[in-house]
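Student: Okay, handing you the structure first.
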Amino acid sequence: MMLFLSITLLFYMFHISQSQTCDGTGCVNCIANNTCESCGPLYEQSDNSCTVCKSVNPQEPISAANPLIVLEDGVCTDKTNQLRTKFDDIVPLVLEGAEQTHSFNLDTSTYSIGPCDFPLNKQLQYRMSIWFTLDLSTSTATLYDYYKFILKTPLQSPTLYIDITQSPPSTSQSYDLLCYARQTIVPGGGEVVLPLFNKVYYIFVSVDQAVNTDFTVSVSKIQKLVSSEILGGTYFSINQTVVDDLIQTSSSKLYDLSLSSNGIYIYPICTPTKLLKGVFFSVNFDGDHSLLIDTTKQNRYCYLMEFSKEGNVEKCVDFWVGDWWGIWTDSWDQALRVRLLPNKEKTRLFFLGMSEHATDIQMSVEMFCPNQCHESSGNGVCSLKLGKCVCNEKYGASDCRKLCYYNGNFYNDDTEVSGDGMCIFGSVHCNDDCKCVDSQTIRNYCATSACKSKQLSSEVLCLFDTDNCLPNCVCAKGYTNTPSGYCKLETCGDGIKQSNEECDGGIHCNETCGCESGYEPFSSIDNLGCYSPPVPWWAFLIIAVVVVFLVVVIIITLFVLIRQTRPKRPDWNVYKHQQPIYYHDITHSVLKEPSVEARYAVDPLNLDYGKGDSPTKILDTRFEQIEIKNFSKNKYMMFVVHTPNSPKYIFHFDSQITYFRPRQEICITSYMTLHCTTKIMDMKINFTVYWSKHLNTLKKIEKLLKDKTVEKWKDSDKQQMDLLMKDVPRKNHYFFEIKTMAESSTFIDLDDLQLIEEPLSQGMTGTVYLGKYKSNAIVMKTFQWEDLTETETEELKNDITEECELMSKIRCPYIAGYIGSITYIPQISIVLDYFFLGSLEDYIRIDNESRITLPYRLKVRMLQDTARGIELLHYNNVVHLNLKPSNMLVTSFYADSVSVIKISDFGKIKSRKKLLINDKSNGVVYIAPEVFQNKYSNACDSYSFSVVAWELFYAEEPFKEIRTADEVIQNVLNGNHLFMDSSMPPLYREIIEDCCSENPEKRINFTEIQKKVAILFEQATTLVEIEGGSNSEKLEQVVHAKNANANNLLSKLDRE
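The UniProt record's numbering puts the first residue of the sequence shown at 1, with every later residue one more than the last.
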């Protein structure tokens, strides 16, 4: 038996060691996922993943002892021998000359430091680079001329940088060059426009990655530089159309200005000695609003210049300087916040610039101060700092108009009126003209239907028609709402009985400081509770009769009850709920481990909940019993456990508060339930121990500590505790320590994900974020259900949870890979593998953004993979019900790949029907007609497959002549089908017709569909004439572009 166990253990350890994977190219021995025993000599030894190259010692020059290590094609490579040691071969640039072609080569290109710094470590300052020179010393310019450098690169090339300096380079390894200008050259090429003096300039062109690439460079002089003529016109324009949209939507518009790659260098006319990099734009609008230009979002020092043109002469009109904003300064009221008044007759010209070379900036514009706040009439002023009107007395609303309700009276212009049919200005749902919006006027307040139906919400704070609740379901002045929807005095709960309160916090006192039914208030203001009035004699007689009757009933039924009673199993759900919070007050307390000297014992202090070295399963409820003893001879002891408050796990102690008589020993039980795979090993759970000769004192302390956090612990609580502690001669605190860990599972801890804040995509059913999990690229989909009812929301949560369980069991090349889910918070999310090519929706139509045409053979292969995936789902008794191009993820553009399509977003989605049929764009054209009659079967997916197949072939929108979702639904229910002509192959057409029959029972299943599509794929090789202009080179470009975009997004996480 022992031999068998030993062999089994060895096999298990061998299997575990073989299953570990490490991505680091410098890994010598992989001992765990992305953890290496040691790293190669060119890698940072302190990094267990072996993905970081060995750092340069910034205090020492580059040498064999301090080598320059560069990441080349994912492998750390020694480039010490390629360090540039001389500068006698600098390439001269010819003004107005032909384009020069140059190359970066991994084996021959040299590394040197340029004039402009790169962030992070010193390694990045050493760049694979080429130096150029431009001699303008013989120029006849009076001051300076403008020149344009143009660099052209392939679309697949990495990012290049062009740095310009007047300082000649040297072999020194220090940063002693002055940076005059820098421009980022994106893949495909770019240019930089800047003023240059009659001097010799040195140009440093470097590449962002260690790869082989080519580029061309040329330089020309701009004979005539007029600001608005740069780049063929202004950079952008804020015109009447933009302004009208901002006013209509009450929103702001954000301009992302890529100065690092598109900025222009100038010496502005308003500050001719300061070189700035920026963009030009124009403003032309009319109306009654002002325009606010705001660059405070990023706390960058920037400048805004307004200038005019008279012929070729520019004049400075105005100049604004943006200083630090917000928490960075106490002395400035605003950063770059500029108010522009309307001027229809004139187009105003502006330049927004910075003195920084490689910084992008965001400029926000919005319309504010409608009707100019009636400043000319003295009604108010437009506040640039607040971004709104500041009104004088008797004026208000957004534009400082004459108030329709003021000082308790209603007005029509200057005439006082009765106020019939009018509402009080400033109250809920009352507009600026004292008229109710989507509600009924009741006693000059606006009552909505939700208010009158007594449905508590963020707007319905109190129950309609209850004491001190106004008709708009807001408590009257001097009152505040309770959780149950009643209004209480603001002084209620302060522990002082006011003249208009029956009680305040005492026994039999309700939440509104009134006595409970059957109780009466004490006449004394010092007694905060209520008492029960004396019982009359006849009540005792009734009670006696009832007692006699109950005794008879009990005697008759006792025998039956005893026989039927059985020991009941404990309700484990009780131990899965969070316990109350007790404030951890360590004042007057001593940190002391349990012992005889400490006057108490706790065993055990280390809690492993019976798991030993084994991890704990997620959602299992484990328990451990704890023996606690009071060694005191004459004092009561109170034992308080401060349970952690986290949705990731529940630690429940039975009991949480325990009282001990002198020398008493009690056993309590600790229950643990984990909701996700998270770190709990060595976590501490604090407890506090109090001793007192009076049990009542300990109970008062318990009541004072309950439901109190650090934020809620007031000075009055501390003062009360200080008084109580006079009767507590001893107080200790210590902790339990958790000695188990959570098992690996698909229940993921949200804190283990690295996510990019900006969503990757956002639709009707949810939002998708890109990120990393354990160094792997993933997407996290969070579901939106704001527009659903409570019942629909609960159904959707259950469906998503079932979908997660299902996806974890189904593994197939044609179904999207499932990593896990986040279910311990209300906003459930699913974590999936990331596919950088996106969904079929991005390419299926002829007018797609990538401008590519899918080859016919690839289209058929996409249908084949889809049929295989759906066939597997049906085999597992799962109906997809949401098959459409946006749920078909593209993995490859090559028809002979292992898979080209993976299906996603499957499972029970009946509760998502409301989300699916809101509008045509959300996929209603793909839904089978019987779904609208709440009939579901595998045939529903066959119908959806036929619509996708039709759209793949024609590359057009199905039912595009129909505009609305309701019309599409009616058209399908009427039996109208998609048009097909003779250009479609016969077998292709036969598959569509067999799948779109009005009768679900006549549609073929996916086993038959898969067989027919397999034949269609074999025939596709011979049907070259219907390829329709597909281009494999263009497809390859899209793959590279999408991959580069994904890498750029994920690299943000690495930089952060």
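Heads up, the beta-carbon is just placed ideally off N, CA and C, and yes, glycines get one too.
Note that the structure is predicted; figures quoted are calculated from it, not measured.
With S355 and L276 assumed to form a contact (beta carbons below 8 Å), what rounded beta-carbon distance in angstroms separates them?
Tutor: As a working note, residue 355 is residue 355 in the sequence shown. As a working note, residue 276 is residue 276 in the sequence shown. Sure, about 6 Å apart at Cβ, within 8 Å.
Student: What does the alpha-carbon distance come out to for the pair F623 and Y609?
Tutor: Working through the sequence shown from its first residue, we reach residue 623 at position 623. Working through the sequence shown from its first residue, we reach residue 609 at position 609. Looking at the two C-alpha atoms, the distance is approximately 5 Å.
Student: Mind pulling the alpha helix (DSSP H) runs of 4 or more residues that sit fully within the region 227-291?
Tutor: Listed in chain order, the complete alpha helix (DSSP H) runs (minimum 4 residues) inside the region 227-291 are 240-249 and 259-262.
Student: Tell me whether S308 sits in a helix, a strand or coil according to DSSP, three-state version.
Tutor: Here residue 308 is taken as the residue at index 308 of the sequence shown, counted from 1. In the structure shown, S308 sits in a strand (DSSP, three-state: E or B).
Student: From Q784, Y201, N1043 and A32, pick the residue whose C-alpha is nearest to that of A181; which is it?
Tutor: As a position in the sequence shown, residue 181 is number 181, starting the count at 1. When each option's Cα is compared against that of A181, the closest is Y201.
Student: From F368 to V428, what distance separates their C-alpha atoms?
Tutor: What you label residue 368 is simply residue 368 of the sequence shown in a count that begins at 1. What you label residue 428 is simply residue 428 of the sequence shown in a count that begins at 1. Taking the straight line from one Cα to the other gives about 23 Å.
Student: Determine, using beta carbons only, whether I1004 and C996 come nearer to each other than 8 Å.
Tutor: Position 1004 of the sequence shown, counting from 1, holds the residue named residue 1004. Position 996 of the sequence shown, counting from 1, holds the residue named residue 996. Contact flag unset, no.
Student: Between D414 and I247, what straight-line distance do the alpha-carbon atoms span, to the nearest angstrom?
Tutor: Along the sequence shown, read from residue 1 onward, the residue named residue 414 stands at position 414. Along the sequence shown, read from residue 1 onward, the residue named residue 247 stands at position 247. Their Cα atoms are separated by approximately 29 Å.
Student: Give the single residue among M862, L889 and T658 whose Cα lies nearest to the Cα of V1013.
Tutor: By 1-based counting over the sequence shown, the position of residue 1013 is 1013. Minimum Cα distance to V1013 is reached at M862.
Student: Tell me, to the nearest whole angstrom, how far the beta carbon of I815 is from that of K884; I am working on the premise that it is less than 8 Å.
Tutor: Stepping through the sequence shown from its first residue, residue 815 is reached at position 815. Stepping through the sequence shown from its first residue, residue 884 is reached at position 884. Not really, about 16 Å apart at Cβ, beyond 8 Å.
Student: Suppose the cutoff is 8 Å on Cβ atoms and the five residues either side in sequence are ignored; what does the same chain contact list for Q362 look like?
Tutor: The count along the sequence shown starts at 1 and reaches residue 362 at position 362. Contacts found: L254, Y255, D256, L257, T295, K297 and Q298.
Student: Cα-Cα, which of L840, S38, L973 and Q1019 is closest to P985?
Tutor: Here residue 985 is taken as the residue at index 985 of the sequence shown, counted from 1. For P985, the nearest C-alpha among the options comes from Q1019.
Student: Enumerate in chain order the residues of its own chain whose CB-to-CB distance from K199 is below 7 Å, with the five nearest sequence positions on each side excluded.
Tutor: Counting from one through the sequence shown, the residue named residue 199 turns up at place 199. Counting only Cβ-Cβ distances below 7 Å, and skipping sequence neighbours, we find L136, S137 and Q166.
Student: Given S237, which residues of its chain have a CB within under 6 Å of its CB, disregarding the five upstream and five downstream residues?
Tutor: Start at 1 with the first residue of the sequence shown, and residue 237 comes out as number 237. The answer, listed in chain order, is S282.
Student: Go to V1013, then tell me how far its beta strand (DSSP E) extends in each direction, as first and last residue.
Tutor: Here residue 1013 refers to the residue found at position 1013 of the sequence shown. That residue, V1013, is in no beta strand (DSSP E); its alpha helix (DSSP H) goes F1006 to A1020.
Student: Closer than 8 Å by C-beta to V226: which residues in its own chain qualify, once you throw out the five before and the five after it? Chain order, please.
Tutor: Within the sequence shown, residue 226 is the residue found at index 226, counting from 1. Model confidence at V226 stands at a pLDDT of 48, short of 50, so the residue's coordinates are unreliable; what they give is reported in the following sentence. Here the set comprises K309, N312 and E314.
Student: So within the region 705-787, which uninterrupted beta strand (DSSP E) runs reach at least 3 residues, ignoring any that extend past its ends?
Tutor: As far as the region 705-787 is concerned, its whole beta strand (DSSP E) runs of at least 3 residues are 730-738, 753-755, 766-773 and 776-783.
Student: Take H1040 and list the residues in its own chain whose beta-carbon comes closer than 6 Å to its own, dropping the five residues that flank it on each side.
Tutor: In the sequence shown, the residue the question calls residue 1040 occupies position 1040. Closer than 6 Å at the Cβ level, and outside the excluded window around H1040, lie Q156.
Student: Less than 8 Å between the C-beta atoms of N971 and F959, yes or no?
Tutor: Here the question's residue 971 lines up with position 971 in the sequence shown. Here the question's residue 959 lines up with position 959 in the sequence shown. Yes, Cβ-Cβ distance for N971 and F959 is below 8 Å.
Student: Contact between the region 496-511 and the region 463-476: three or more CB pairs below 8 Å?
Tutor: Touching, no.
Student: Counting C-beta neighbours from all protein chains within 10 Å, is the total for L770 16 or more, i.e. buried, or is it exposed?
Tutor: Reading the sequence shown from its first residue, position 770 is the one you call residue 770. Result: buried.
Student: When you compare each of V219, E345, G514 and D585 to M721 by their alpha carbons, which one comes out closest?
Tutor: In the sequence shown, counting from the first residue as 1, residue 721 sits at position 721. Closest option to M721, Cα to Cα, is D585.
Student: Would you mind working out which of Q784, L753, T789 and E758 sits nearest K772, comparing C-alpha positions?
Tutor: Walking along the sequence shown from the start, residue 772 turns up at place 772. Ranking the options by Cα distance to K772, first place goes to L753.
Student: Nearest by alpha-carbon distance to G188: which of T216, L463 and I203 is it?
Tutor: In the sequence shown, counting from the first residue as 1, residue 188 sits at position 188. Cα-wise, what sits closest to G188 is T216.
Student: Using only the alpha-carbon positions, how far apart do S95 and L386 sit?
Tutor: In the sequence shown, residue 95 corresponds to position 95, counting from 1. In the sequence shown, residue 386 corresponds to position 386, counting from 1. Looking at the sequence shown, residue 95 is not Ser but Leu. Rounded to the nearest angstrom, the two C-alpha atoms are 52 Å apart.
Student: In this structure, how does DSSP classify E96 when only helix, strand and coil are distinguished?
Tutor: Stepping through the sequence shown from its first residue, residue 96 is reached at position 96. Three-state result, E96: coil.
Student: In this structure, does DSSP put P521 in helix, strand or coil?
Tutor: Looking up residue 521 in the sequence shown gives position 521. Reduced to three states, the DSSP call for P521 is strand.
Student: Which term fits E951, buried or exposed, when burial requires 16 or more other beta carbons within 10 angstroms of its beta carbon?
Tutor: One-based indexing of the sequence shown puts residue 951 at position 951. When all chains shown are included, E951 counts as buried.
Student: So, helix, strand or coil for L340, using DSSP?
Tutor: Within the sequence shown, numbered from 1, the residue matching residue 340 stands at position 340. Residue state, collapsed to three classes: strand.
Student: Do you know offhand how far F307's Cα is from G263's?
Tutor: The count along the sequence shown starts at 1 and reaches residue 307 at position 307. The count along the sequence shown starts at 1 and reaches residue 263 at position 263. Taking the straight line joining both Cα atoms gives about 18 Å.
Student: Only counting runs of 3 or more residues, tell me where the beta strand (DSSP E) segments fall wholly within the region 427-471, in order along the chain.
Tutor: The qualifying runs are 440-442 and 445-447.
Student: So which of C391, L384 and E366 has the shortest CA-CA distance to S376?
Tutor: By 1-based counting over the sequence shown, the position of residue 376 is 376. Answer by Cα proximity: C391.
Student: Between the region 580-596 and the region 696-714, can you find at least three pairs of beta-carbon atoms closer than 8 Å?
Tutor: Yes, the region 696-714 is in contact with the region 580-596.
Student: CB-CB under 6 Å to S892, same chain, minus the five flanking residues each way: which ones, in chain order?
Tutor: One-based indexing of the sequence shown puts residue 892 at position 892. So the list reads V900, once near-sequence residues are dropped.
Student: Looking at the unbroken alpha helix (DSSP H) that takes in M862, where does it start and where does it end?
Tutor: Start at 1 with the first residue of the sequence shown, and residue 862 comes out as number 862. From DSSP, the alpha helix (DSSP H) with M862 extends over Y856 to Y875.
Student: Thinking C-alpha only, which one of T709, E795, V831 and E805 is nearest I748?
Tutor: The sequence position of residue 748 within the sequence shown is 748, counting from 1. Nearest of T709, E795, V831 and E805 to I748, Cα basis: V831.
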